[in-house]
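Protein chains in written order, with full-length UniProt numbering: chain A, 1 to 148; chain B, 1 to 148. The C-beta atom is built at its ideal place from N, Cα and C for all residues, glycine as well. Notes to accompany the following structure.
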DNA sequence: CGGTATCCGAATGGATACTG
DNA sequence: CAGTATCCATTCGGATACCG
């Protein structure tokens with residue numbers, strides 16, 4: 001049981017315009033600040049949290065791949081969703097698409113520098129899930145038992 | 001342009017059963033390992049990436065709140081989605097629900113220790129988005145221009 | 001090979017009305 | 001106050017067929 005935080009103190013959720021500032025652990029913020037912060041973060045969370053994006057990024061982190069190569073490596077993905085996922089990642093600048101105008105055509109997909117840098121915070125989140133997977137699983141079991 | 005990684009070397013995406021091991025930067029993994037790793041991480045990514053979960057967690061990080069208090073603080077959320085979001089977070093052990101059997105009834109929601117600990121990696125991801133928001137925005141503009 | 005187009009069922013999420 | 005129940009529009013995502 002934590003005591004309620006005493007008071008807000010202003011500042012945005014990630015205020016400094018220059019990086020490398022730890023941000024004085026923003027436990028308390030004005031609701032408007034929380035909203036503006038999450039409005040930026042949530043859409044990307046939703047993108048990499050969708051059914052296939054993380055899988056594609058992880059497979060591509062080993063190096064560039066062709067379209068059907070990805071399709072084979074990512075078990076169960078449909079052609080439609082692979083196309084959609086790659087287009088979204090490309091639009092956000094996380095993946096680059098290179099067309100070789102040969103016959104038959106060849107298209108290479110590769111993580112950009114931005115795409116590679118994303119793996120760092122995502123892996124931190126992955127580590128958190130891994131460390132707490134048992135506690136989460138136990139909580140779910142207990143919850144599902146309670147509601148008969 | 002990063003060179004493709006030379007060779008795979010085995011190990012799961014987050015292999016150690018005990019924590020605190022940095023994991024020798026897994027750039028290359030067998031597809032099966034990537035799949036097993038993402039199968040664990042992606043569902044939680046999808047949970048906190050949904051429309052309201054992060055907002056609820058952020059508001060609750062300042063301390064416990066009552067149901068209608070949350071509804072007022074989180075602009076635009078419907079009663080239905082607030083209930084659903086809180087139930088999901090509770091099921092995963094990120095939020096606790098305390099009922100005071102008074103009249104009128106009172107229900108307090110509060111982040112658990114697990115919920116608080118989640119904020120650390122999520123804020124790291126938020127920092128990444130914040131630092132790269134301009135590059136992402138530029139990439140989207142360029143992409144949308146290209147396709148007329 | 002690397003897609004696009006179409007159809008369709010399932011899941012997401014808002015609006016509204018009702019309840020203990 | 002703190003929900004539940006219902007209806008409905010939109011989106012997600014798989015299956016299939018076709019195309020340059």
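Item to complete: Over the uninterrupted beta strand (DSSP E) stretch that includes residue 112/A, give me the two end residues.
Response: It is not in any beta strand (DSSP E) - residue 112/A carries neither H nor E in the DSSP assignment.
Are the CB atoms of residue 49/B and residue 139/A within a distance shorter than 8 Å? no
One question on the structure: do residue 57/B and residue 111/B come within less than 8 Å of each other, judged by their Cβ atoms? yes
message = According to DSSP, simplified to helix, strand and coil, what is residue 61/B?
response = Secondary structure at residue 61/B: coil, using DSSP grouped into helix, strand and coil.
For residue 100/B, which beta-bridge partners are listed by DSSP? 106/B
Straight-line Cα distance separating residue 34/B from residue 121/A = 17 Å
Fill in: Own chain, CB closer than 8 Å to residue 74/B, minus 5 neighbours either side, in chain order
52, 55, 56, 59 and 82
When you compare the CB positions of residue 119/B and residue 61/B, do they come within less than 8 Å of one another, or not?
yes
Taking 8 Å as the CB-CB limit, is residue 108/A close to chain B? So, not an interface residue.
Worksheet item: Taking the alpha-carbon positions, what's the residue 30/A to residue 64/A distance?
Response: 44 Å
Query raised in the report: Do the CB positions of residue 135/A and residue 89/B come within less than 8 Å of each other?
Result: Residue 89/B sits away from residue 135/A, with the two beta carbons spaced by 8 Å or more.
Determine the contact status of residue 91/B and residue 143/A, defining contact as a CB-CB distance below 8 Å.
yes
Open item on the list: I'd like to confirm the pairing. Which residues does DSSP put opposite residue 41/A in its beta bridges?
Closed with: Answer is none; residue 41/A lacks a bridge partner.
Original post:
Can you tell me where the alpha helix (DSSP H) with residue 70/B in it begins and where it stops?
Top reply: 67 to 73
Using beta-carbon positions only, say whether residue 45/B and residue 45/A come within less than 8 Å of one another. yes
Q | Residue from 116/B, 66/B and 132/B with nearest C-alpha to residue 98/B | A | 66/B
Cα separation between residue 96/A and residue 124/A? 24 Å
- Item | Inter-residue Cα distance where the pair is residue 37/B and residue 133/B | In this structure, the CA atom of residue 37/B is about 27 Å from the CA atom of residue 133/B.
(request) Check distances from the C-beta atoms of the stretch 75 to 101 of chain B to those of chain A and list, in chain order, the residues that come in under 8 Å. (result) 75, 90, 91, 92 and 93
Practice problem: Indicate whether at least one CB of chain A lies closer than 8 Å to the CB of residue 49/B. | Solution: So, interface residue.
Applying the criterion that 16 or more other CB atoms from any shown protein chain within 10 Å of the CB defines a buried residue, is residue 137/A buried or exposed?
-> With fewer than 16 neighbouring CB atoms inside 10 Å of its own CB, residue 137/A falls in the exposed class.
Practice problem: Just mark residue 126/A as buried or exposed, buried being the case when its beta carbon has 16 or more other beta carbons within 10 Å. | Solution: buried
Tell me the DSSP bridge mates of residue 95/A? DSSP, once it has assigned bridges, lists 111/A as partnering residue 95/A.
Can you pull the chain A neighbours of residue 135/B, defined as C-beta to C-beta under 8 Å? 93 and 114
Could you check whether residue 109/A and residue 141/A sit closer than 8 Å to each other, using their CB atoms as the reference points?
no
**Q.** residue 103/A versus residue 80/A - alpha carbon distance
**A.** 23 Å
Original post:
What is the DSSP secondary structure of residue 51/A, counted as helix, strand or coil?
Top reply: coil
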